[in-house]
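Working notes, structure below.
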Ligand SMILES: Nc1ncnc2c1ncn2[C@@H]1O[C@H](COP(=O)(O)OP(=O)(O)OP(=O)(O)O)[C@@H](O)[C@H]1O
Ligand SMILES: [Mg+2]
């Protein structure tokens, strides 16, 4: 049994489906990438997995429990966490209050340990602890979103393009921290749009989404060159 199992998922906005019969699984301690062009439905799939977009049909189960109709709060109780693509921090709260708010399910002592750990991972956040999140740079905001999502040590982390738009040195340091989460035991579904070659070397399996359907599922080794990726994306346009 996989930790996360998505079967025959259809979801969308209003009456219009944007995902069609999507099957996807993430095993225990596995790092899975979801790639595909803009508008493919990657974020919609992430939202559905996290309970932010209701399923029109199909099912989503986690650790053997059917969570298709469950609230996001229930999913978090089960050990799921997400760093969204947009709206990933509380803009008016300080860095520290963003962290504390995200760790509200922990005891005060555990929360303090998690905040200290976040600062140890990302010293730039420690320097900016009293700043409102809206004043952070894009990269700092992604660090904060990841620190908030990963700080409770969830079993499953859903990351929606955490490295898009960031400077190469920041991408590198964030990728390193994400890989550390996996080494700490987390299972990860990583939505990638930019920099796939920075990320794929650390990934176990890859799903390719296009026009709301899974077009391919492969091991990451098959996509580790510019040429392999170009061929793949060219094929999607046919
Ligand atoms: N709130 C919304 N209301 C209506 N349609 C939406 C909404 N959000 C997304 N869509 C549509 O759903 C489709 C899939 O969008 P989605 O954001 O899931 O794609 P994506 O693969 O994450 O793209 P990107 O790489 O640009 O982030 C697109 O056609 C988009 O226009
Ligand atoms: Mg998206």
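Numbering (my numbering), first residue to last: 65 to 302. Glycine included, every Cβ here is placed at the ideal spot set by N, Cα and C. For clarity, every value in this text was computed on a predicted model and none was experimentally measured.
Heavy atom of ligand 1 less than 7 Å from the Cβ of residue 277, yes or no? Taken from the Cβ of residue 277, every heavy atom of ligand 1 lies 7 Å or farther away.
Any non-hydrogen atom of ligand 1 within 7 Å of residue 102 CB: Yes, since a heavy atom of ligand 1 falls inside the 7 Å radius drawn around the Cβ of residue 102.
Beta carbon proximity, residue 168 to chain C, threshold 8 Å: Among the protein chains of the structure shown there is no chain C, as only one such chain exists.
Decide if residue 65 is buried, meaning its Cβ has at least 16 other Cβ atoms within 10 Å, or exposed. Flag for residue 65 reads exposed.
Out of curiosity, what's the CA-to-CA distance linking residue 144 and residue 182? Just so you know, the alpha carbons of residue 144 and residue 182 end up roughly 18 Å apart.
Cut-off 6 Å between Cβ atoms - residues of its own chain near residue 160, not counting five sequence neighbours on either side: Only 193 meet the Cβ criterion.
Residue 85 in three-state terms, based on DSSP: Strand at residue 85.
Cβ contact (3+ pairs, closer than 8 Å) linking the region 68 to 77 and the region 113 to 122: Yes, the region 68 to 77 touches the region 113 to 122.
At what residue ranges does the region 238 to 290 contain a whole run of the alpha helix (DSSP H), taking only runs of 4 or more? As far as the region 238 to 290 is concerned, its whole alpha helix (DSSP H) runs of at least 4 residues are 260 to 263.
For residue 201 and residue 188, I'd like the C-alpha separation in whole angstroms. The C-alpha of residue 188 is placed about 11 Å away from the C-alpha of residue 201.
Limits of the beta strand (DSSP E) - the one that residue 97 falls within: Element bounds for residue 97: 95 to 99.
Where the alpha helix (DSSP H) containing residue 224 begins and where it ends: That residue, residue 224, is in no alpha helix (DSSP H); its beta strand (DSSP E) goes 220 to 224.
Quick check: the region 90 to 97 against the region 246 to 263, are there 3 or more CB pairs under 8 Å? With a cut-off of 8 Å, the region 246 to 263 and the region 90 to 97 count as touching, because enough Cβ pairs lie within range.
Could you check if residue 166 is buried or exposed, using at least 16 other CB atoms within 10 Å of its CB as the buried criterion? Looking at its Cβ environment, which holds 16 or more other Cβ atoms inside 10 Å, residue 166 is buried.
For residue 71, report the span of its beta strand (DSSP E) as first-last. 68 to 77 is the extent of the beta strand (DSSP E) around residue 71.
Chain-order list of residues whose beta-carbon lies under 8 Å from that of residue 195 (same chain, five-residue window excluded): 158, 159.
Given residue 70 as reference, the closest of 111, 240, 151 once Cα atoms are compared: The shortest Cα separation from residue 70 among 111, 240, 151 belongs to 111.
Between residue 69 and ligand 2, is the CB less than 7 Å from at least one heavy atom? Checking every heavy atom of ligand 2 against the Cβ of residue 69, none is found closer than 7 Å.
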